[in-house]
Amino acid sequence: MRTFLLVTDSVHTSAALCDYLDSRLTVDDRVVALGLVGTEAAATPEDRRDRRDALNAVAVRLAGCATVDTDLVAVDTDRPATLRTECVDRGVDELVCAVASSDRADTTLAAAVDTDFLTDLPCPVVLVASVG
Numbered sequence: 072m073r074t075f076l077l078v079t080d081s082v083h084t085s086a087a088l089c090d091y092l093d094s095r096l097t098v099d100d101r102v103v104a105l106g107l108v109g110t111e112a113a114a115t116p117e118d119r120r121d122r123r124d125a126l127n128a129v130a131v132r133l134a135g136c137a138t139v140d141t142d143l144v145a146v147d148t149d150r151p152a153t154l155r156t157e158c159v160d161r162g163v164d165e166l167v168c169a170v171a172s173s174d175r176a177d178t179t180l181a182a183a184v185d186t187d188f189l190t191d192l193p194c195p196v197v198l199v200a201s202v203g
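All you need for our numbering is the position in the sequence shown, starting with 1, plus 71.
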């Protein structure tokens, strides 16, 4: 059994991440999909709706392929620390996230990816191209 952690912010990102995982999953695997949003004061209702829609897309798309858990996680400005903690706490074998176009970089993990972050994770990271 392997545990994959997906980080998603839109249905388009979810589709790209699911495309990557689709042929790799077995029914024994576990997928944890996270929708990262700002803290209560910083997140807009649209942000929360978009993340919920993104998480629902993962749950629907991967149903029957693996066990799927989804979680909306409020984070402050330190997304890398949040993801590090999630990887450790959930026993993640692989972190799968999207690299977005520069106009969306502030809402995705891509804005937080640097060599210190990547080398400090307890698992491999897969970056998937995302459109939309």
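No residue lacks a Cβ here, since even glycine has one placed at the ideal position from N, Cα and C.
Inside the stretch 92-161 only - alpha helix (DSSP H) runs reaching at least 4 residues: The DSSP assignment places complete alpha helix (DSSP H) segments of no fewer than 4 residues inside the stretch 92-161 at 116-133, 150-160, in order along the chain.
Of the listed residues L88, L105, H83, nearest to T156 (C-alpha basis): By 1-based counting over the sequence shown, the position of residue 156 is 85. Taking only the C-alpha atoms, the option nearest T156 is L105.
Where R82 falls: helix, strand or coil (DSSP): Counting from one through the sequence shown, the residue named residue 82 turns up at place 11. Residue 82 is actually Val in this sequence, not Arg. For V82, the secondary structure class from DSSP, reduced to helix, strand or coil, is helix.
Rounded straight-line distance, which links the Cα of C89 to that of A169: For this step, residue 169 is matched to residue 98 along the sequence shown. For this step, residue 89 is matched to residue 18 along the sequence shown. Their Cα atoms are separated by approximately 11 Å.
Residue burial classification, S81 (beta-carbon count within 10 angstroms, cutoff 16): As a working mapping, residue 81 is identified with position 10 in the sequence shown. Label assigned to S81: buried.
Straight-line Cα distance separating C194 from V144: Residue numbering aside, residue 144 sits at position 73 when the sequence shown is read from its first letter. Residue numbering aside, residue 194 sits at position 123 when the sequence shown is read from its first letter. Between V144 and C194, the C-alpha separation is close to 20 Å.
Endpoints, beta strand (DSSP E) assigned at V196: Residue mapping note: residue 196 aligns to position 125 of the sequence shown, counting from 1. That run of the beta strand (DSSP E) goes 196-200.
Limits of the unbroken beta strand (DSSP E) element including V170: Residue numbering aside, residue 170 sits at position 99 when the sequence shown is read from its first letter. That run of the beta strand (DSSP E) goes 165-170.
Nearest-angstrom Cα separation, counted from D140 out to T178: In the sequence shown, counting from the first residue as 1, residue 178 sits at position 107. In the sequence shown, counting from the first residue as 1, residue 140 sits at position 69. Confidence at T178 is low in this model, with a pLDDT of 48, below 50, so the placement of that residue should be treated as unreliable; the coordinate-derived value is given next. Rounded to the nearest whole angstrom, the C-alpha separation of T178 and D140 is 21 Å.
Candidates R95, V98, V103, R122: closest to C158 by CA position: Numbered from 1 along the sequence shown, position 87 holds the residue referred to as residue 158. The residue with the shortest Cα to Cα distance from C158 is V103.
Residue closest to A114, alpha-carbon to alpha-carbon, out of D147, R73, D191: For this step, residue 114 is matched to residue 43 along the sequence shown. It is D147 whose Cα lies nearest to the Cα of A114.
Same chain only: Cβ atoms within 7 Å of T190, ignoring 5 sequence neighbours per side: Within the sequence shown, residue 190 is the residue found at index 119, counting from 1. Here T190 has no same chain residue with a Cβ atom under 7 Å from its own Cβ, once five neighbours each way along the sequence are excluded.
Cβ-Cβ distance between R101 and T138 below 8 Å: Walking along the sequence shown from the start, residue 101 turns up at place 30. Walking along the sequence shown from the start, residue 138 turns up at place 67. Yes. Within cutoff.
Expected contact under 8 Å - CB spacing of T74 and G162 to nearest Å: Counted from its first residue, the sequence shown places residue 74 at position 3. Counted from its first residue, the sequence shown places residue 162 at position 91. Cβ atoms of T74 and G162 come within 8 Å of each other, at about 6 Å.
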